[in-house]
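If you use the working numbering, the sequence shown corresponds to residues 246 to 515, in order.
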Amino acid sequence: MGKINIEKKEYSGIPAGLKDNLKRLGVKLSGTVEFIELSSWNAGAGIVPQEEIVLVSFSGNNFISINESKAKSLTLIAHSDTKDSVLNLVSSVPINRIVFLPAGSVALNWMCRNVGQCEIKSESQKQSQARISISSIFSSDSEFHIDSFHHEMSSFKLSLDSVNYAESKVRAKAIIPENTPGVLCEISLFSMLENGSVELSPFIEISNNDVKASHSALARGYDKAELFYLCSKGLSEEEARLLIRKNILLRNLPAEGFEHHLEGRENELN
246 MGKINIEKKE YSGIPAGLKD NLKRLGVKLS GTVEFIELSS WNAGAGIVPQ EEIVLVSFSG
306 NNFISINESK AKSLTLIAHS DTKDSVLNLV SSVPINRIVF LPAGSVALNW MCRNVGQCEI
366 KSESQKQSQA RISISSIFSS DSEFHIDSFH HEMSSFKLSL DSVNYAESKV RAKAIIPENT
426 PGVLCEISLF SMLENGSVEL SPFIEISNND VKASHSALAR GYDKAELFYL CSKGLSEEEA
486 RLLIRKNILL RNLPAEGFEH HLEGRENELN
């Protein structure tokens, strides 16, 4: 069993190095910060933010949920400089901004709904290996704006999979500046269209040659051949469609924890 520590400090209490990261990303914060320290907390601990700024420092494999918030708006700063650290996050309340600051081999896995407008900013440190995997149910009009900034020899992979019922927009931009050789960057955006419409816009801004980068975007309905195959195995068409939606939301997330989260929530996917 891991541990979780929560305390409140003034913004001035944020370590200087993290403040520099935030400044480079154009993130301006002030006031009281809720500090949360996680160490291999795997029990799906429920956290209710009291402040508008929450700084999560984590090591090991962690699973937390945010299904209630006392703050009018919420900024979540996720930071780790420990090798092979993972933050698994489930939320059903809007998180207005996430700042991801990986300094090692670090992953952020996030399953969310009721997104509203969300801004994500990430800065991959030198020689870091960072991954963000997002699964979202767009049950109401939503917008994601994702910006990632890269240092030399860094690796960054972003995947966003969604089931769309409304009017949604996803914009993902990676910035690879001059004098940052050896960068690997991959962006993949996918949406299963149930209703409404979705606009997927990946973009990579490259200012040097020693880079491996790719991006993709796809929005579509159901594959008739896949539906036919599942129905031939005894599923009704409704059951087949539900299974496809679940598989989309789980395909880039670890099944443990997230699969359990989807159990009993079929009404959100119908």
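Every residue, glycine too, gets a C-beta built ideally from N, C-alpha and C.
*Counting along the chain, where does the beta strand (DSSP E) carrying I298 start and finish?*
The sequence position of residue 298 within the sequence shown is 53, counting from 1. Residues I298 to S304.
Find out if the Cβ-Cβ distance for the pair I259, L300 is shorter than 8 angstroms.
Here residue 259 corresponds to residue number 14 of the sequence shown, with the count starting at 1. Here residue 300 corresponds to residue number 55 of the sequence shown, with the count starting at 1. A distance below 8 angstroms separates the beta carbons of I259 and L300.
| DSSP state of M246, grouped into three classes? | Position 1 of the sequence shown, counting from 1, holds the residue named residue 246. At M246 the pLDDT is 45, less than 50, meaning the model places this residue with poor confidence and gives no usable figure here.
Can you find the residues in the same chain that come closer than 6 angstroms, C-beta to C-beta, to C357, ignoring five residues on each side of it along the sequence? Within the sequence shown, the letter at position 112 stands for residue 357. Residues S336 and S381 of the same chain have their beta carbon placed closer than 6 angstroms to that of C357, with the five preceding and five following residues left out of the count.
I need the DSSP call for H505, collapsed to helix, strand or coil.
Here residue 505 is taken as the residue at index 260 of the sequence shown, counted from 1. Under the three-state reduction of DSSP output, H505 falls in the helix class.
Query raised in the report: So S387 and A411 are in contact, right, with Cβ under 8 angstroms, and what is the actual spacing, rounded?
Result: What you label residue 387 is simply residue 142 of the sequence shown in a count that begins at 1. What you label residue 411 is simply residue 166 of the sequence shown in a count that begins at 1. 7 angstroms between Cβ atoms; contact.
Exercise for the section: Sort out for me which residues DSSP pairs M236 with in a bridge. Expected result: One cannot answer for residue 236 here, as it falls past the ends of the chain, which runs 246 to 515.
Euclidean distance between Cα positions of K469 and K414 | Within the sequence shown, residue 469 is the residue found at index 224, counting from 1. Within the sequence shown, residue 414 is the residue found at index 169, counting from 1. Roughly 26 angstroms separates the two Cα atoms.
Expressed to the nearest angstrom, what Euclidean distance is found between the alpha-carbon atoms of I343 and I322? Along the sequence shown, read from residue 1 onward, the residue named residue 343 stands at position 98. Along the sequence shown, read from residue 1 onward, the residue named residue 322 stands at position 77. The alpha-carbon of I343 is positioned some 6 angstroms away from that of I322.
* To do: Give the secondary structure of G291 by DSSP, where H, G and I count as helix, E and B as strand, and everything else as coil.
  => Walking along the sequence shown from the start, residue 291 turns up at place 46. G291 falls in the strand class under three-state DSSP.
With a cut-off of 8 angstroms on the beta carbons, I'd call I251 and V278 a contact; round off their distance for me. Start at 1 with the first residue of the sequence shown, and residue 251 comes out as number 6. Start at 1 with the first residue of the sequence shown, and residue 278 comes out as number 33. In this structure I251 is not in contact with V278, their Cβ atoms being roughly 11 angstroms apart against a cut-off of 8 angstroms.
Straight-line CA distance for S369 to Y467? Here the question's residue 369 lines up with position 124 in the sequence shown. Here the question's residue 467 lines up with position 222 in the sequence shown. Distance between the alpha carbons of S369 and Y467: 35 angstroms.
Check: When you compare each of V408, F473, C430 and A352 to G441 by their alpha carbons, which one comes out closest?
Finding: As a position in the sequence shown, residue 441 is number 196, starting the count at 1. Answer by Cα proximity: V408.
| Given a threshold of 16 other Cβ atoms within 10 Å of its Cβ, counted over all protein chains shown, does N454 qualify as buried or as exposed? | The sequence position of residue 454 within the sequence shown is 209, counting from 1. It counts as exposed.
Work out the CA separation of P339 and S314 for me, nearest whole Å. Looking up residue 314 in the sequence shown gives position 69. Looking up residue 339 in the sequence shown gives position 94. Those two C-alpha atoms are separated by around 9 angstroms.
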